[in-house]
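Notes follow once the structure below has been shown.
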Amino acid sequence: MDVSILMLGTADWNQPIATNQHYVARELSARWDVSYVESMGLRKPELRPSDLKRMLRRIGAGSAGTSFERPTNGINVLRPLVLPIHTGVSRIVNRPLLHRLVSNWIARPGQRLLWTYTPNTYGLERFADATVYHCVDLLGSVPGINAELIAQQERRLAGAGVTAVASSEVVDKHLAAIGFDSRRLWPNVADVEPIAEAVHRGRPRVERAVFAGNLTASKVDFELLEGLLKRGVRLDLAGPVSEGGGSSARAVEKLVAAGATHHGHLDFASLSELYARSTVGLIPYLINEYTVGVNPLKTYEYLAAGLTVVSTRVPAVSAVSGHVTVAAGPEEFLQAVVASTGTPSAESLEARAELADRHSWTRRGAEARGLVDELMRDRVS
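What follows is the structure, given as C-alpha cells:
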C-alpha cells in the first residue's frame with residue numbers, strides 16, 4: 010500500500026532526548042516515506058541561550074529539508090520557518106508558509122496520512138485520507154503554551170472525526186471529554202534492545218540511583234533528589250537542563266555541589282551503559298497539572314536495565330511488587346530508594362527484562378503500522 014506520511018512534531022529532530030515522535034517516525038519509515046516537520050513553536054520563546062540558538066539555526070537553515078544527526082531511512086526532515094505565535098495575524102502569515110513547506114506531500118499521488126503531535130495543524134488534515142492526533146501530554150498545561158489555542162484546536166480536530174492516540178489514561182479521558190470518538194490508548198514504551206545489549210556485556214554495577222531526563226523545575230522534585238544525597242545515596246543525573254523552557258541550572262548546580270554527578274546529555278548507547286551499571290532508576294516527578302498526564306517511558310528503560318524503579322505518585326506509573334515502587338510521599342520515596350540500592354539478583358534481572366519487553370518499540374512499531382493499514386483500508390472501503 011503506497012502511503013505518504015506527514016508528521017507534525019512538537020520537537021526538533023535532533024533535540025537531546027528522543028521522544029514518541031522520533032520513534033514513531035522511525036517505525037513508520039520502515040514501510041513508508043515520512044516527512045517530519047519540526048516544532049512550529051507552541052511554547053512562547055524566551056530570552057535564553059537555547060531558544061536564541063534554535064531561532065538562529067532556523068533562520069540559517071531556512072525551510073527546506075535538511076540533513077540530521079539521528080540516523081534514519083525514508084525520513085525527510087523539514088524545518089518550518091514560521092512565526093512562533095499561532096493566533097491573530099500570525100495564523101494568516103503562517104498558513105501559506107507551512108503549506109508551501111509540505112507542498113510535495115500535498116501534491117503526492119496515492120494515499121496520504123497526517124500524523125500529528127500538535128493539534129495546531131493549519132488545516133493540513135484536509136489533504137489527508139486519514140489523520141492521527143497522537144497526544145502524549147496535556148499540552149494546554151505546559152508552562153508557556155497557549156492553553157486556549159490548544160483547547161480550540163483539539164475541539165476542531167475532534168469535530169473533524171480525527172483518530173486520537175493517548176499516552177496515558179488521564180490523557181485519554183481528556184480527549185474523550187473534548188469529543189474524540191475514535192481513540193486508542195498507547196501507554197509509553199521504551200527502546201529496550203540497546204539497553205538489553207548493555208546489560209548482557211556484564212559490567213559490574215555500582216550501588217547508585219540514576220535519573221535520566223529533562224532536568225526542569227516544572228517536572229522534577231529537586232528537593233527530593235537533595236534528600237537522597239543527604240541520606241548517603243550516590244546519585245547520577247543524565248539529561249539536558251530546562252529543555253523546553255524555564256531555568257533549573259542553579260538547582261542542578263546545587264545537587265552537583267552536594268555530591269551528585271551530572272553527565273549532561275548522553276547518546277543512547279552511553280545512557281544504556283549508565284543504566285546497566287546502576288541499581289535504582291528514579292522518577293522523582295512533582296505532581297501537578299502537567300505531570301498527571303505524563304507517562305514516563307523511562308519506567309521501561311530502567312526495567313530493561315534490571316533496575317529497581319522508585320516513583321512519586323504519577324498516575325501512569327503502576328506499582329509492581331519487587332520491581333516498581335510508587336511512593337505515597339517524600340519520606341516513603343526516600344526510604345524506598347535507600348532500601349533498593351543493592352545489586353539486583355539474576356531472577357530480578359530476568360523478570361524486569363520480561364516486563365520491559367512487553368512494552369518495547371518493536372511491538373509498538375508493529376501496532377503503529379497496523380493502525381495506518383487499518384485507516385487506509387477504511388478509506389478505500
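Here the sequence shown is numbered in the numbering used here, starting from 10 and rising by one per residue.
Even glycine gets a Cβ: it sits at the ideal position worked out from N, Cα and C.
Being a predicted model, the structure only gives us computed values, none of them experimental.
query	result
Taking the C-alpha atoms as reference points, what is the distance between residue 281 and residue 314?	8 Å
From the DSSP secondary-structure annotation, give me the bridge partner or partners of residue 245.	219 and 270
By Cβ distance, which residues of its chain are closer than 6 Å to residue 73, with the 5 residues on each side in sequence left out?	Note that residue 73 scores a pLDDT of 39, beneath 50, so its modelled location is shaky and nothing firm can be said.
Tell me, please, which residues DSSP counts as bridged to residue 16.	45 and 124
Looking at the unbroken beta strand (DSSP E) that takes in residue 201, where does it start and where does it end?	No beta strand (DSSP E) contains residue 201, which is instead part of the alpha helix (DSSP H) from 201 to 209.
Helix, strand or coil for residue 284? Go by DSSP, reduced to three states.	helix
Pick helix, strand or coil for residue 193, following the three-state DSSP scheme.	strand
According to the Cβ coordinates, are residue 294 and residue 323 closer than 8 Å?	yes
Could you give the first and the last residue of the continuous alpha helix (DSSP H) run that contains residue 112?	112 to 116
Which residue's Cα is closest to the Cα of residue 361: 290, 378, 179 and 269?	290
Under 8 Å between the Cβ atoms of residue 120 and residue 388?	yes
With DSSP as the reference, label residue 317 as helix, strand or coil.	strand
For residue 311 and chain C, any beta-carbon pair shorter than 8 Å?	Reference to chain C is not applicable here, since this structure consists of a single protein chain.
Which residues mark the beginning and the end of the beta strand (DSSP E) in which residue 333 is found?	333 to 335
Is the separation between the beta-carbon of residue 38 and that of residue 84 shorter than 8 Å?	yes
In whole angstroms, give me the CA-to-CA distance for residue 142 and residue 251.	26 Å
Evaluate residue 102 with the Cβ neighbour count: other Cβ atoms within 10 Å of its Cβ, from every protein chain shown; 16 or more gives buried, anything less gives exposed.	exposed
Does the stretch 344 to 357 come within contact of the stretch 235 to 242, defined as at least 3 CB pairs closer than 8 Å?	yes
Are the stretch 15 to 24 and the stretch 39 to 49 touching by the rule of at least three beta carbon pairs closer than 8 Å?	yes
Three-state secondary structure (DSSP) at residue 85?	strand
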